[in-house]
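Structure record follows, encoded as structure tokens.
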Amino acid sequence: NAGVTQTPKFRVLKTGQSMTLLCAQDMNHEYMYWYRQDPGLGLRLIHYSVGEGTTAKGEVPDGYNVSRLKKQNFLLGLESAAPSQTSVYFCASSLGLAGAGRHEQYFGPGTRLTVT
Amino acid sequence: GEDVEQSLFLSVREGDSSVINCTYTDSSSTYLYWYKQEPGAGLQLLTYIFSNMDMKQDQRLTVLLNKKDKHLSLRIADTQTGDSAIYFCAESLNNAGNMLTFGGGTRLMVKP
């Protein structure tokens with residue numbers, strides 16, 4: 001049981017380039033999330049999904065797109081990378097159910113992205 | 117709007133107690149969480165408290181919630197060097213805990 005995995009672990013892009021970050025979970029979770037982490041700002045939600053085929057905007061969605069074609073995968077795309085998108089990106093998943101012990105979010109190890 | 121604030125840094129000696137504080141602004145929070153992030157890793161849930169509770173204890177961890185002051189704290193008893201990490205508090209506004217707002221994180225350094 002690998003939990004939540006992310007690829008790649010590191011990436012350097014030039015301004016204007018595009019890339020896709022892949023998140024995979026093997027826990028049959030309904031909900032998946034993409035966050036970015038910047039020093040002193042904590043984690044901010046970019047986009048999330050409440051099930052296969054659904055996506056929704058979070059707090060900072062501009063410049064990013066997502067897709068959830070399969071329940072276990074959640075892709076984050078940058079169409080035209082900008083230096084302001086230099087950050088550490090975390091994927092997370094959760095059961096999506098209410099009640100104690102069933103709403104925990106499980107995080108992947110992160111992807112460090114640098115845009116020059 | 118939602119805003120969760122934490123102090124940036126805390127340094128303690130091994131064996132002492134650590135208290136990490138957090139303030140939040142949204143009084144409709146349902147769950148409040150403490151996550152731990154070790155260097156180079158993702159976040160790991162340490163503990164959480166439901167908004168109708170004042171205190172929760174889990175081994176070395178004690179969470180105190182003051183709803184009137186919108187203040188949350190995490191006390192780590194007998195702090196060890198392995199507790200050195202960044203600690204994030206987060207609030208959820210729904211029962212499913214799906215929409216979290218995180219604080220900026222407190223870096224805990226434990227000196228031997």
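Here the protein sequences come in this chain order: A and B.
The first sequence begins at 1 in the working numbering and counts up by one.
The second sequence begins at 117 in the working numbering and counts up by one.
Using N, Cα and C, we set each Cβ at its ideal position, and we do this for glycine too.
Measure the alpha-carbon distance for residue i versus residue j and round it to whole angstroms.
i, j, result
"B:Gly131", "A:Tyr48", "40 Å"
"B:Thr141", "B:Ser123", "15 Å"
"A:Gly16", "B:Val179", "46 Å"
"A:Leu75", "A:Trp34", "9 Å"
"B:Met225", "A:Thr5", "28 Å"
"A:Pro83", "A:Asn73", "26 Å"
"B:Glu207", "A:Ser18", "33 Å"
"B:Ser144", "A:Lys14", "43 Å"
"B:Ile192", "B:Lys183", "21 Å"
"A:Gly40", "B:Gly220", "5 Å"
"A:Ser67", "A:Glu30", "14 Å"
"A:Gly3", "B:Lys152", "17 Å"
DSSP beta-bridge partners for residue i?
i, result
"A:Gly77", "A:Thr20, A:Asn65"
"B:Thr163", "B:Trp150"
"B:Ser127", "B:Met225"
"B:Glu207", "B:Leu148, B:Thr217"
"B:Asn137", "B:Ser189"
"B:Val178", "Just to set this straight, residue 178 of chain B is Thr in the shown sequence, not Val. Answer by DSSP bridge pairing, in chain order: B:Gln173, B:Arg191."
For chain B, check one thing: does any of its Cβ atoms lie closer than 8 Å to the Cβ of residue i?
i, result
"A:His103", "yes"
"A:Phe107", "yes"
"A:Gly42", "yes"
"A:Gly110", "yes"
"A:Phe74", "no"
"A:Phe10", "no"
Could you have a look at residue i and say whether DSSP puts it in helix, strand or coil?
i, result
"A:Gln85", "helix"
"A:Gly3", "coil"
"B:Asp170", "coil"
"A:Asp26", "coil"
"A:Thr111", "strand"
"A:Lys14", "coil"
"B:Asp142", "coil"
"A:Gly42", "strand"
Using a Cβ cut-off of 8 Å (strictly closer), state whether residue i contacts chain A.
i, result
"B:Gly117", "For B:Gly117, the predicted model reports a pLDDT of 43, less than 50, meaning its position is unreliable and no value from the coordinates is stated."
"B:Tyr147", "yes"
"B:Leu159", "yes"
"B:Leu98", "This structure leaves residue 98 of chain B out entirely; chain B is present only between 117 and 228."
"B:Phe125", "no"
"B:Leu190", "no"
"B:Leu209", "no"
"B:Leu216", "yes"
"B:Gly220", "yes"
State yes or no: is the beta carbon of residue i nearer than 8 Å to at least one beta carbon in chain E?
i, result
"A:Leu69", "Although the question refers to chain E, the structure presented lacks it and instead comprises the protein chains A and B."
**Prompt:** On the three-pair Cβ rule with 8 Å, is the stretch 76 to 90 of chain A touching the stretch 184 to 196 of chain B?
**Reply:** no
**Request:** Check whether the stretch 190 to 205 of chain B touches the stretch 106 to 116 of chain A, counting contact only when three or more Cβ pairs, one atom from each stretch, lie closer than 8 Å.
**Result:** no
**Asked** Would you call the stretch 49 to 61 of chain A and the stretch 12 to 29 of chain A in contact, with 3 or more CB pairs under 8 Å?
**Response** no
**Request:** Taking 8 Å as the threshold, find out whether the stretch 54 to 63 of chain A comes into contact with the stretch 35 to 46 of chain A through three or more Cβ pairs.
**Result:** yes
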